[in-house]
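Chemist: Heads up, the sequence shown is in our numbering, so the first residue is 103 and it goes up one at a time. Positions of the beta carbon are idealized from the N, C-alpha and C atoms, including for glycine. There's a structure below that I have some questions on.
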Amino acid sequence: MGRWEPDARGRLAAAALELYGARGYEQTTVAEIARRAGLTERTFFRHYADKREVLFDGSDTLLKLFTDAVAGAPVGTAPLDAVAAALDAAAEFFTDRRDHSRRRQAVIAAHAELRERELIKLASIASALTEALMGRGVAQPAAALSAEAGVAVFKIGFERWVGAEEDAPMGRLMRETLEALREIASDELAE
Numbered sequence: 103m104g105r106w107e108p109d110a111r112g113r114l115a116a117a118a119l120e121l122y123g124a125r126g127y128e129q130t131t132v133a134e135i136a137r138r139a140g141l142t143e144r145t146f147f148r149h150y151a152d153k154r155e156v157l158f159d160g161s162d163t164l165l166k167l168f169t170d171a172v173a174g175a176p177v178g179t180a181p182l183d184a185v186a187a188a189l190d191a192a193a194e195f196f197t198d199r200r201d202h203s204r205r206r207q208a209v210i211a212a213h214a215e216l217r218e219r220e221l222i223k224l225a226s227i228a229s230a231l232t233e234a235l236m237g238r239g240v241a242q243p244a245a246a247l248s249a250e251a252g253v254a255v256f257k258i259g260f261e262r263w264v265g266a267e268e269d270a271p272m273g274r275l276m277r278e279t280l281e282a283l284r285e286i287a288s289d290e291l292a293e
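This is the structure we're talking about:
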């Protein structure tokens with residue numbers, strides 16, 4: 103190993119994503135990721151439990167952004183509007199991360215194990231949002247419905263953003279997706 107360089111975690115994440123894209127997720131080993139980053143396997147395992155967790159780095163930060171935005175919404179804000187504030191916070195988190203998000207999503211989409219892990223992470227966000235809404239005094243099932251709807255909007259909005267041909271801002275796509283959900287719900291109520 104050469105001279106110490108900063109940001110081992112970031113270097114490992116970049117090396118992993120590069121190798122997953124070039125060689126495939128299943129064919130890439132932790133040793134190869136560490137070597138590409140100029141680090142040791144031991145250093146890899148200090149930062150990540152396994153090679154799939156490299157793809158989910160930032161999940162805790164995203165979860166905190168979601169729950170902090172809900173908790174910080176003004177008193178009297180409707181549950182779905184509090185979730186909308188969380189979606190705006192998430193969109194801000196992804197500013198300047200579109201290329202990385204596209205490459206990451208391509209790796210995840212190609213592997214059932216990673217898709218399952220992604221769904222587990224989304225379920226964790228829904229659970230945390232439910233708790234945050236209940237902390238604001240929102241009763242069940244409104245808290246859970248709003249949280250689950252928010253995660254569905256996030257998932258679909260994110261997929262639209264990484265798949266979009268034009269350079270549409272993620273925040274706009276999230277708001278459009280939430281508005282589509284509101285229209286569906288109001289159409290159903292009108293019938």
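Taking Cβ to Cβ, would you say Gly140 is nearer than 8 Å to Arg111?
Modeler: It is not a contact, given that the beta carbons lie outside the stated cut-off.
Chemist: With a threshold of 16 other CB atoms inside 10 Å of the CB of Leu221, please say whether the residue is buried or exposed.
Modeler: That one is exposed.
Chemist: Looking at Leu275 and Gly259, is the spacing between their C-beta atoms short of 8 Å?
Modeler: The answer is yes: Cβ separation under 8 Å.
Chemist: Just curious, the alpha helix (DSSP H) that Thr131 is in, first and last residue?
Modeler: Thr131 -> no alpha helix (DSSP H), and no H or E assigned at all.
Chemist: Report all residues from its chain with a CB closer than 7 Å to the CB of His149; omit the five preceding and five following residues, and keep chain order.
Modeler: Ala110, Arg111, Leu114, listed in sequence order.
Chemist: Is the separation between the beta-carbon of Ala136 and that of Thr142 shorter than 8 Å?
Modeler: In this structure, Thr142 lies closer than 8 Å to Ala136 by Cβ.
Chemist: For the alpha helix (DSSP H) that Phe168 lies in, which residues bound it at each end?
Modeler: First-last of the alpha helix (DSSP H) with Phe168: 161-174.
Chemist: In terms of residues, what are the limits of the alpha helix (DSSP H) holding Leu157?
Modeler: Note, Leu157: premise wrong, no alpha helix (DSSP H); not H, not E.
Chemist: Roughly how many angstroms lie between the CA atoms of Val55 and Pro243, to the nearest whole one?
Modeler: Any answer about residue 55 is impossible in this case: the structure gives the chain only from 103 up to 293.
Chemist: Should Pro176 be labelled buried (16 or more other beta-carbon atoms within 10 Å of its own) or exposed?
Modeler: Looking at its Cβ environment, which holds fewer than 16 other Cβ atoms inside 10 Å, Pro176 is exposed.
Chemist: State the DSSP-derived secondary structure class of Asp198, mapped to helix, strand or coil.
Modeler: Coil.
Chemist: Nearest CA to the CA of Leu167: which residue from Ala117, Phe195, Pro271, Leu157?
Modeler: The option with the nearest alpha carbon to Leu167 is Phe195.
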